[in-house]
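Participant:
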Amino acid sequence: MGRTLKRSAAFAALARALASGARGGPSLGARLAALPRMIRATAKGEYDGGLRLALMAAATAYVVSPIDLLPEIPLAVLGLADDAVMVTWLAGSVLAETERFLEWEARQSSVIPGRVVP
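Just so we're aligned: 64 in this note's numbering is position 62 of the sequence shown, and the numbers increase by one with no gaps anywhere.
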């Protein structure tokens, strides 16, 4: 009972932190909503996140792929560990890149499009 209570309290604290945004950053909802805009801006060449998005897509493909570098069945814990490392890296990358994109997007609203006339 004690372990279940501690675990549920930990998950509740994590959910509250993600919902409100850690350290005053954007909330998880704002970050998830920014993903399609980030992909669109990168595809148009407006945002420089192409390589990072490609690496995140490759990590996602690796995690969901049935072909694995270290197979789960014969290697048990080691087979799951490589997936856990990839999921952890992917989560951190998505959080960092969406925060960077949201900051870039905020700066774009203060830029006036046009040309510099000498």
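Each residue gets a CB set at the ideal place from its N, CA and C atoms; glycine is no exception.
A quick note: this is a predicted structure, and the numbers were derived from the prediction, not measured.
1. What is the DSSP secondary structure of Glu-99, reduced to helix, strand or coil?
2. How would you label Leu-53, buried or exposed, when you count the other beta carbons within 10 angstroms and need 16 or more for buried?
3. Would you be able to state if there are at least three C-beta pairs under 8 Å between the region 79 to 88 and the region 27 to 45?
4. If I measure Cβ to Cβ from Ala-61 and keep anything under 6 Å in the same chain, skipping five residues before and after, which residues do I get?
5. Helix, strand or coil for Glu-105 per DSSP?
6. For Ala-98, tell me which candidate among Pro-120, Val-65, Ile-114 and Leu-55 has the shortest Cα-Cα distance.
7. Hey, could you find the ends of the alpha helix (DSSP H) Arg-117 is sitting in?
8. Buried or exposed: which applies to Thr-100, given that a residue is buried once 16 or more other Cβ atoms fall within 10 Å of its Cβ?
9. Helix, strand or coil for Tyr-64, going by three-state DSSP, please let me know.
10. Which residue marks the beginning of the alpha helix (DSSP H) containing Ile-69, and which one marks its end?
11. Would you identify the three-state DSSP class for Asp-85, choosing helix, strand or coil?
Facilitator: This is what the structure gives:
1. helix
2. Taking all protein chains shown into account, Leu-53 has fewer than 16 neighbouring C-beta atoms within 10 Å of its C-beta and is therefore exposed.
3. no
4. Met-88 and Leu-92
5. helix
6. Leu-55
7. Looking at the DSSP string, Arg-117 is not in any alpha helix (DSSP H), and its letter there is neither H nor E.
8. Label assigned to Thr-100: buried.
9. Three-state result, Tyr-64: helix.
10. Neither: Ile-69 is in no alpha helix (DSSP H) and is coded neither H nor E.
11. In the three-state scheme derived from DSSP, where H, G and I count as helix and E and B as strand, Asp-85 is classed as helix.
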